[in-house]
Amino acid sequence: MAFLDPYVTRAELKSYLKIDSSITDYDADLDDVLESSTREINNHCSRQFNRDNVITSTGTQTRVYACRYSWLAEIDDVHTITDLEIDTDPNGDGTYTEAWTASDYQLEPLNGIRDGNTGWPYFKIRAINALRFPVLGYVASLRVTAHFGWAAVPADVKQAQLMLAAETFKMREAPFGVAGWSEFGAVRVRDIPKVGKLLYPYERQRVKVRS
Numbered sequence: 456m457a458f459l460d461p462y463v464t465r466a467e468l469k470s471y472l473k474i475d476s477s478i479t480d481y482d483a484d485l486d487d488v489l490e491s492s493t494r495e496i497n498n499h500c501s502r503q504f505n506r507d508n509v510i511t512s513t514g515t516q517t518r519v520y521a522c523r524y525s526w527l528a529e530i531d532d533v534h535t536i537t538d539l540e541i542d543t544d545p546n547g548d549g550t551y552t553e554a555w556t557a558s559d560y561q562l563e564p565l566n567g568i569r570d571g572n573t574g575w576p577y578f579k580i581r582a583i584n585a586l587r588f589p590v591l592g593y594v595a596s597l598r599v600t601a602h603f604g605w606a607a608v609p610a611d612v613k614q615a616q617l618m619l620a621a622e623t624f625k626m627r628e629a630p631f632g633v634a635g636w637s638e639f640g641a642v643r644v645r646d647i648p649k650v651g652k653l654l655y656p657y658e659r660q661r662v663k664v665r666s
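Start counting the sequence shown at 456; every next residue gets the next number (our numbering).
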């Protein structure tokens, strides 16, 4: 599929909906609801849960951030410290002249554990030595090169997508159709309390990012 990487496969959604795997009549619709539900989950949680699907020659991406605090920076999810590079621009002139070493910062959540649950990526950088993050309003003063995304999609997110995609797919059976079906945008996380409960621990505020 060329669109957003879904968190469950078409085959898994078919199984959830009890559609025989040999039936292909609905495949295009199933792909559409998977795309729609992926986008809805990402928008609702302000993060994406698989590894970043933009492939580069190094396997990393470089993103820049505007910092709110001098001692703590929020970034997009990073699933490994391999190839991690952190640099800051103290003058706000677009040149990242301060290279941070491992002794200058602490990645959080510590040990990849949050609220007792393991497998979390790092999404905060805490300054623990002499260097500080330049706070320059909306000027992007922090540059991070990393492997972004999650190492593995959480089980709760997979379950939430199955439920959300299934409800969207079932709309096609409603009398006279449902407005918005063609865009697969009518069913939202907030419309299904169980889905909202599953995703609640993964919601976050949007970070100031430019890439």
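Positions of the beta carbon are idealized from the N, C-alpha and C atoms, including for glycine.
Just checking my contact of D544 with Y551 at CB under 8 Å: how many whole Å lie between their CB atoms?
Within the sequence shown, numbered from 1, the residue matching residue 544 stands at position 89. Within the sequence shown, numbered from 1, the residue matching residue 551 stands at position 96. Their Cβ separation, rounded to whole angstroms, is 5 Å, which keeps D544 and Y551 in contact under 8 Å.
For Y655, does the count of other Cβ atoms within 10 angstroms reach 16, so buried, or fall short, so exposed?
Indexing the sequence shown from 1 puts residue 655 at position 200. That one is exposed.
Backbone CA spacing between G574 and V608 [nearest angstrom]
Walking along the sequence shown from the start, residue 574 turns up at place 119. Walking along the sequence shown from the start, residue 608 turns up at place 153. Spanning the two alpha carbons is a distance of roughly 9 Å.
Distance CB(W605)-CB(N497) smaller than 9 Å:
The count along the sequence shown starts at 1 and reaches residue 605 at position 150. The count along the sequence shown starts at 1 and reaches residue 497 at position 42. Contact flag unset, no.
Proximity to R585 [Cα-Cα], best of S525, I536, N566 and G571:
Indexing the sequence shown from 1 puts residue 585 at position 130. The question names Arg, but residue 585 in the sequence shown is Ala. Nearest of S525, I536, N566 and G571 to A585, Cα basis: S525.
Under DSSP, the alpha helix (DSSP H) around V463 begins and ends at which residues?
As a working mapping, residue 463 is identified with position 8 in the sequence shown. According to the DSSP assignment, V463 belongs to no alpha helix (DSSP H), since it is labelled neither H nor E.
Is the beta carbon of K579 less than 9 Å from the beta carbon of I541?
Here residue 579 refers to the residue found at position 124 of the sequence shown. Here residue 541 refers to the residue found at position 86 of the sequence shown. In this structure, K579 lies away from I541, with their beta-carbon atoms at least 9 Å apart.
Would you tell me roughly how many angstroms separate the C-alpha atoms of S476 and D486, rounded to the nearest one?
As a working note, residue 476 is residue 21 in the sequence shown. As a working note, residue 486 is residue 31 in the sequence shown. Pairing S476 with D486, the inter-Cα distance amounts to about 14 Å.
Using the DSSP secondary-structure output, state which residues sit across from Q561 in a beta bridge.
Taking the first residue of the sequence shown as position 1, residue 561 is located at position 106. DSSP, once it has assigned bridges, lists R581 as partnering Q561.
Along the beta strand (DSSP E) that carries D484, what are the first and last residues, could you check?
Translated into the one-based positions of the sequence shown, residue 484 becomes position 29. From DSSP, D484 is part of no beta strand (DSSP E) but of the alpha helix (DSSP H) over D482 to C500.
For Q614, which residues from the same chain have a beta carbon less than 7 Å from its beta carbon, with the 5 sequence-adjacent residues on both sides left out?
For this step, residue 614 is matched to residue 159 along the sequence shown. When the five nearest sequence neighbours on each side are left out, the beta carbons in the same chain lying within less than 7 Å of the beta carbon of Q614 are those of L653, in order along the chain.
Please go through the same chain and pick out, in chain order, the residues whose beta-carbon is closer than 7 Å to the beta-carbon of M618, but skip the five residues on each side of it.
To locate residue 618, count along the sequence shown from 1; it is residue 163. Once the five neighbours on either side are set aside, the close Cβ partners of M618 are I647, K649 and V650.
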